[in-house]
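Structure, as structure tokens:
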Amino acid sequence: MGRFRFRLEGLRRLRAVRERQARRELLDLLQSLRRAEEELQGARARVWRAEGAVRKAEDAQALRTAALALARARADAAAAERAVADWTAQVEAAWARFLQARTERQVVERLRERRLHQHRREEERRAQAQADEAALLRRMRRP
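So for the sequence shown, numbering that gives the first Met the number 0 puts the first residue at 0; every next one is plus one.
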């Protein structure tokens, strides 16, 4: 039986590498998004505590200090929300790139499977033809 050789093996490997790279990039971005979401949760918790400090302020100085802290906490929370939105957009773009890379690899994989199936059918046909010929020759030798 002849050895199967897929002419596009280099392309198949390249597309597999690109898919792995896209997956790695996506995972890295997902981790960054998770960190940004954790930072946002922390910023929201600081806003909540600062709002509590404003409510508990007993004099003008304490109220002014608490109001400044609340303004900083809200600015930090807004920045964290923008960061989450930015990371989310990057994750969505990376997801699209990963899906594209996976689809491109799968196309070549399906082609390889079809060619392998075709190769096996041809090999089986050749083997059957040889067996038929050998049987015919044996029959012809019998008296």
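The beta-carbon is built from N, C-alpha and C at its ideal position, and this holds for glycine as well. Just so it is clear, the structure is predicted and the values come from calculations on it, not from any experiment.
Beta-carbon gap between Ala79 and Leu28 smaller than 7 Å:
Translated into positions along the sequence shown, residue 79 becomes position 80. Translated into positions along the sequence shown, residue 28 becomes position 29. Their beta carbons are not under 7 Å apart, which means Ala79 does not touch Leu28 by this criterion.
Leaving out five residues on either side along the sequence, give the residues of the same chain with a beta carbon under 7 Å from the beta carbon of Arg101.
Residue numbering aside, residue 101 sits at position 102 when the sequence shown is read from its first letter. Excluding residues within five positions, the ones whose Cβ falls inside 7 Å are Glu18.
Could you give the distance in angstroms between the alpha-carbon of Glu112 and the alpha-carbon of Ala42?
Mapped onto the sequence shown, residue 112 falls at position 113. Mapped onto the sequence shown, residue 42 falls at position 43. So the alpha carbons of these two residues sit roughly 52 Å apart.
How many angstroms separate the CA atom of Arg104 from the CA atom of His116?
Within the sequence shown, the letter at position 105 stands for residue 104. Within the sequence shown, the letter at position 117 stands for residue 116. Those two C-alpha atoms are separated by around 18 Å.
Can you list, in chain order, the residues of its chain with a C-beta nearer than 8 Å to that of Val90? Leave out the 5 residues immediately preceding and following it.
By 1-based counting over the sequence shown, the position of residue 90 is 91. The answer, listed in chain order, is Leu25, Leu28, Leu29 and Leu32.
Residue range of the alpha helix (DSSP H) that Leu26 falls in?
Residue mapping note: residue 26 aligns to position 27 of the sequence shown, counting from 1. Start and end: Glu8 to Lys55.
What are the start and end residues of the alpha helix (DSSP H) that includes Asp131?
Within the sequence shown, numbered from 1, the residue matching residue 131 stands at position 132. Segment Ala59 to Arg140, the alpha helix (DSSP H) holding Asp131.
So Arg11 and Phe5 are in contact, right, with Cβ under 8 Å, and what is the actual spacing, rounded?
Along the sequence shown, one-based indexing puts residue 11 at 12. Along the sequence shown, one-based indexing puts residue 5 at 6. Confirmed, about 7 Å.
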